[in-house]
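Chemist:
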Amino acid sequence: MFYEYALEPQLLSNWPDFRYFFENMGVSRGRLISRYPKHWKRLVYESLGDCGDMERKRIEEALIRADEKFLRRNNEWDGNKDWLTNAEAEHVRSPFHAIIARENPHANASVLVGDALDEHEPLWILNNTCDVLRKAQDMADGVATLLQASREIIFIDPHFGPENPRYCRPLIGFLQAAQHNRTIRLERVEYHLKAKSTADFFETECSKLADNLPAGIEIRFKRWRELPGSEKLHDRFILTERGGVQFSVGLDDGSEREVTNVHILSEELRGSTWDKYLSNAPAFELVDELVITGAYGG
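Numbering (my numbering), first residue to last: 73 to 370.
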């Protein structure tokens, strides 16, 4: 659902090509540009020698605003080799979804030639919605790339209950996926839900859950109630500062063959949903908050 592409910097040496790739990349598109190597942006700047002043300025300004399109990784790089040779070696070590380059001299099935790329190429086809098994591992795998790339993670499911293992298993899986190969600091994790049980019961059950959450992760639970005549607490989402997804059934797991549809949100819908829960004027009434810290493995 979220795919990492190694994109040769020299492909972006003119505005038309730069615009094509950047308009088709980003979390809402399901395609992320690997920051490979770490000095990838500098390599793009160095490729702009034939650009006019105005074209260069447009590309440089777009690069400054484009951080949500990138995915960091712990990578290996040999400065004595060219970009494609390095990328193919890195793909063997830790695979990209695909490599997009100026040429494919080794007829590598994982390398797409930028000038020949079209919307029918299987490795480029956009899938912004898919069905996943309602199993904790499958649910986490579907959004792992988004979670690993984000500093803030917001879970929203009005029916979450810490006393219910079917909700706890996916939450543990999501947080484990978020921690795997993380290259940036996780600054905020919140879970937004409907207030149903008493505060004492909720706190007691959350304290039990903390023993099974990854050590050191702090999660803030915020319980809400609907305002009279206002919208309902119903939809289920995972939001981050970079993007978001909607789960059609919920953030709980199910029986052996059950599936849930997961849909990548447009930036507009992600932003409006974020504001309903995290703005200074939320759409619901806040009942209480509780913060717990994971202790498993610590």
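Where a beta carbon is used, it is the ideal one built from N, C-alpha and C, also for glycine.
1) Determine which residues share a DSSP beta bridge with Tyr75 and list them.
2) Look up Asp187 in the DSSP assignment and say whether it is helix, strand or coil.
3) For Asp89, which residues in the same chain have their Cβ closer than 8 angstroms to its Cβ, ignoring the five residues on either side in sequence?
4) Taking all protein chains shown into account, do 16 or more other C-beta atoms lie within 10 angstroms of the C-beta of His192, making it buried, or fewer, making it exposed?
5) Is the CB-CB distance between Ala208 and Ile172 below 8 angstroms?
6) Where does Gly316 sit, in a helix, a strand or coil, going by DSSP?
7) Do the region 298–313 and the region 221–231 meet, that is, are 3 or more Cβ pairs less than 8 angstroms apart?
8) Buried or exposed: where does Val164 fall if 16 or more other Cβ atoms within 10 Å of its Cβ makes it buried?
9) Give the straight-line distance between the Cα atoms of Val331 and Phe232, rounded to the nearest whole angstrom.
10) Quick check on Thr270: buried or exposed, where buried means 16 or more other Cβ atoms within 10 Å of its Cβ?
11) Measuring CB atoms only, is the region 192–207 touching the region 327–347, in the sense that at least three cross pairs come out at less than 8 angstroms?
12) Going by CA-CA distance only, name the one from Ile289, Ser85 and Ile336 that's closest to Asp125.
13) Consult DSSP for Ile197 and reduce its assignment to one of helix, strand or coil.
14) From Arg295 to Gly98, what distance separates their C-alpha atoms?
15) For a test of the three-state rule: what should DSSP assign to Pro292, helix, strand or coil?
16) What span of residues does the beta strand (DSSP E) with Leu358 cover, start to end?
17) Taking only runs of the beta strand (DSSP E) that begin and end inside the region 118–177, which ones reach a length of at least 3 residues, in chain order?
18) Quick check: the region 93–109 against the region 130–144, are at least 3 beta-carbon pairs closer than 8 angstroms?
19) Just checking my contact of Ala267 with Glu303 at CB under 8 angstroms: how many whole Å lie between their CB atoms?
20) With contact counted as at least three CB pairs below 8 angstroms, one residue from each stretch, are the region 335–349 and the region 316–325 in contact?
21) Thinking C-beta only, is Arg297 closer than 8 angstroms to Glu235?
Modeler: The answer reads as follows:
1) One-based indexing of the sequence shown puts residue 75 at position 3. Among the bridge pairs identified by DSSP, Tyr75 is matched with Arg103.
2) As a position in the sequence shown, residue 187 is number 115, starting the count at 1. Helix.
3) As a position in the sequence shown, residue 89 is number 17, starting the count at 1. For Asp89, where only same-chain residues beyond five positions count, the Cβ hits under 8 angstroms are Leu83 and Gly186.
4) Mapped onto the sequence shown, residue 192 falls at position 120. Residue environment: His192 is assigned as exposed (fewer than 16 neighbouring CB atoms within 10 Å of its CB, all protein chains considered).
5) One-based indexing of the sequence shown puts residue 208 at position 136. One-based indexing of the sequence shown puts residue 172 at position 100. No. Outside cutoff.
6) Here residue 316 corresponds to residue number 244 of the sequence shown, with the count starting at 1. In the structure shown, Gly316 sits in a strand (DSSP, three-state: E or B).
7) yes
8) For the purposes of this step, residue 164 is taken as residue 92 along the sequence shown, with counting starting at 1. The residue is exposed, with fewer than 16 neighbouring Cβ atoms inside 10 Å.
9) As a working note, residue 331 is residue 259 in the sequence shown. As a working note, residue 232 is residue 160 in the sequence shown. So the alpha carbons of these two residues sit roughly 18 angstroms apart.
10) Walking along the sequence shown from the start, residue 270 turns up at place 198. Exposed is the call here.
11) yes
12) Your numbering for residue 125 matches position 53 in the sequence shown. Considering only alpha carbons, the answer is Ser85.
13) Here residue 197 is taken as the residue at index 125 of the sequence shown, counted from 1. Coil, per DSSP.
14) To locate residue 295, count along the sequence shown from 1; it is residue 223. To locate residue 98, count along the sequence shown from 1; it is residue 26. Distance between the alpha carbons of Arg295 and Gly98 is about 31 angstroms.
15) Against the sequence shown, residue 292 aligns to sequence position 220. Before going on, a small fix: residue 292 reads as Arg here, not Pro. Strand, per DSSP.
16) As a working mapping, residue 358 is identified with position 286 in the sequence shown. From DSSP, the beta strand (DSSP E) with Leu358 extends over Glu357 to Thr365.
17) 170–173
18) yes
19) As a first step, residue 267 is located in the sequence shown; it is residue number 195 there, counting from the start. As a first step, residue 303 is located in the sequence shown; it is residue number 231 there, counting from the start. Ala267 to Glu303, Cβ: 16 angstroms. No contact.
20) yes
21) Here the question's residue 235 lines up with position 163 in the sequence shown. Here the question's residue 297 lines up with position 225 in the sequence shown. Going by C-beta atoms, Glu235 is not nearer than 8 angstroms to Arg297.
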